[in-house]
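Report on the structure given below.
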Amino acid sequence: MTDHDLKSLASSIQAVSSPFRNYLNDLYEKYRSLDEGKVADYIPELALANPEWFGICVVTSNGQLFEVGNCDRLFTIQSISKAFIYGLALEDWGREYVNSKVSVEPTGEAFNSIVLDEKTNRPYNPMVNAGAIATTDLIKGNGSTERLKRVLDLFRRYTGRDLEINVPVFLSEKATGHRNRAIAYLMLNFGMVTDRIEETLDLYFQQCSIMVNSHDLAVMAATLANGGVNPITGERALDEHYVQDVISVMLTCGMYDYSGEWTYKVGMPAKSGVGGGITAVVPGKLGIGTFSPLLDVKGNSVRGIEICKDLAKDFGLHLFNVAKPERDLMEWLERGESVDDW
Ligand code: GLN
38 MTDHDLKSLA SSIQAVSSPF RNYLNDLYEK YRSLDEGKVA DYIPELALAN PEWFGICVVT
98 SNGQLFEVGN CDRLFTIQSI SKAFIYGLAL EDWGREYVNS KVSVEPTGEA FNSIVLDEKT
158 NRPYNPMVNA GAIATTDLIK GNGSTERLKR VLDLFRRYTG RDLEINVPVF LSEKATGHRN
218 RAIAYLMLNF GMVTDRIEET LDLYFQQCSI MVNSHDLAVM AATLANGGVN PITGERALDE
278 HYVQDVISVM LTCGMYDYSG EWTYKVGMPA KSGVGGGITA VVPGKLGIGT FSPLLDVKGN
338 SVRGIEICKD LAKDFGLHLF NVAKPERDLM EWLERGESVD DW
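Per our numbering, residue 38 is the first one in the sequence shown, and the count goes up by one each step.
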C-alpha cells in the first residue's frame, strides 16, 4: 500500500466515524471544482502553486481535530503572519506604545497601499503591509538572528512544531519588495520606525516566507480561540490579555479590503495570505485553517472564503449571530450525535 492509499484509508475511516468529518468531506467536494481566481504570481515561486491544492482543517478549542484534503501541503504563510506578530509586539511593548506606532482603523484599500494617517503619521492597522512592517520593527531582540529566533519560536508555540523559512521565497520577496521598502522609508521619515530598515524588512520578508499547512493554520486559530493556549500542546502562545486586541483587528482588517463584507457575511476574526491560506477564529469554540492558492482580485483565497461562509451559515458561527442555529456544532461535538439527528 502506498502512503497515499494509507492516507485515503485513514480519512475514510475518520469519515465513517465522525459526522462532522462527513460534513467537511461534503464541503470539500462541493468546492473542489470551483476554479475561479488565480494563483499569486508577483514572484516566480508563488506562481508554481498547483491550483488544485485544497485543504480544510478545523480544530476545536479543546483540541479535537477534523481535516480533509491536502492538510499537510506546505505553503508560505505570507500576510497571515501579521496577526501573530502583532500579538508579539503587544507583549513586547504593551498596548499603549504599540498603538502610538500603529493604529487599528481599516483602510478600505489594498494591503500594499502607500498611505499613512495624515494627522498622526501612523500606518492604519497592523494587517496591511505598512502597519505590519511597523509592527515587525517593534519585535525585540539583539540583532537579526535573535529577532528571527523569537519570531520562529512564536510560530512554534502557536503550531506546536518547528517551522522553516522558504529561502527562495524570502530571497525573491527581498529582491523585488521595493514597494515595501518605500513604505518603510516613508515611515522612517515620520519617525514611525527605527532606522534599521533593511534588518526589519528582512525579518518581515522572512516571517512572510514561513512554511505552514492548513493544519497549522487551524491550530493557530484554535490557540486564539482558546485564549492564547495551544489546545494540542497546552503551551501558551499569547498573553490572554492581548487575544482580544489581535482578534479585533483580524475581524475589522484581516481580509484586506474585503474585511467589511467578510464581517457581514462570515463574522469571524480571520487573516488571509497570498500563499492561499486563511486562518479563522470562532472565539471560545474553534479555529479553521483553509488552503487553496486560487485568489480573488483582493488577494483572498476564493475557496477559503466559500468554506468559511458555509461553516458560518450552517452552524451559526457568525460572531453576532443571536438566532438559535439550525445546527449547534459544539453541542453536537460533545454529544457525538449523528449528522442525521440535526
Ligand atoms: N509578502 C507579501 C508582501 O509583503 C505579503 C502579501 C500578502 O500576503 N498580502 O507584499
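The beta-carbon is built from N, C-alpha and C at its ideal position, and this holds for glycine as well.
Query                                                                                                                      : Result
DSSP beta-bridge partners of F37                                                                                           : Outside the shown range of the chain, which is 38 to 379, sits residue 37, and nothing can be said about it.
Contact test: N166 Cβ vs the ligand GLN heavy atom, cutoff 6 Å                                                             : yes
Pick from R187, G106, M224 that is closest to V152, judged by C-alpha positions                                            : M224
Buried/exposed call for G81, threshold 16 Cβ in 10 Å                                                                       : Correcting the residue identity first, residue 81 is Pro in this sequence and not Gly. With fewer than 16 Cβ atoms within 10 Å of its Cβ, P81 is classed as exposed.
Reduced DSSP secondary structure (H/G/I, E/B, other) of E66                                                                : helix
beta-carbon V204 near the ligand GLN non-hydrogen atom, thresh 6 Å                                                         : no
Residues surrounding the ligand GLN [beta-carbon distance to nearest heavy atom under 6 Å]                                 : Q115, S116, F148, N149, N166, E210, N217, C245, G310, V311, G336
Nearest neighbour of G264, chosen from A307, Y279, R184, F148 [CA to CA]                                                   : Y279
Test item: CB-CB of Y65 and G106 under 7 Å                                                                                 : yes
Nearest-angstrom Cβ-Cβ length linking K335 and D294, presumed shorter than 8 Å                                             : 6 Å
Minimum length 4: unbroken alpha helix (DSSP H) runs contained in the region 270 to 325                                    : 277 to 290, 296 to 302
For V339, the three-state DSSP class (helix, strand or coil)                                                               : helix
For E201, the first and last residue of its enclosing beta strand (DSSP E)                                                 : Per DSSP, E201 belongs to no beta strand (DSSP E) and is neither H nor E.
Cα-Cα separation, G100 to N226                                                                                             : 46 Å
Contiguous alpha helix (DSSP H) assignments of at least 4 residues, all confined to the region 157 to 214                  : 166 to 174, 180 to 196, 204 to 213
Beta-carbon contacts of F112 that lie in its chain and below 8 Å, excluding the five residues immediately before and after : A86, W90, M248, V249, N250, G312, G313, G314, F328, P330
Rounded straight-line distance, which links the Cα of Y195 to that of E201                                                 : 14 Å
Beta carbon of G197 nearer than 7 Å to that of I269                                                                        : yes
E104, enclosing beta strand (DSSP E) - first and last residue                                                              : 102 to 106
Reduced DSSP secondary structure (H/G/I, E/B, other) of L71                                                                : coil
Spatially closest choice to E155 from M164, F148, E142, by CA coordinates                                                  : E142
Straight-line gap, L356 to G92 (C-alpha atoms, nearest Å)                                                                  : 24 Å
Proximity winner among R69, K138, G124, relative to S285 (alpha-carbon distances)                                          : G124
The region 254 to 262 / the region 201 to 214 touching (three or more Cβ pairs under 8 Å)                                  : no
Residues that L234 bridges to, as DSSP identifies them                                                                     : Per the sequence presented here, residue 234 reads as Ile, with Leu not at that position. Partner(s): none; I234 has no beta bridge.
Inter-residue CB distance, I122 and T172 (contact presumed, cutoff 8 Å)                                                    : 5 Å
Residues sharing a beta bridge with I247, DSSP                                                                             : I202
Element boundaries [alpha helix (DSSP H), containing F148]                                                                 : Counting along the chain, F148 falls outside any alpha helix (DSSP H), and DSSP gives it neither H nor E.
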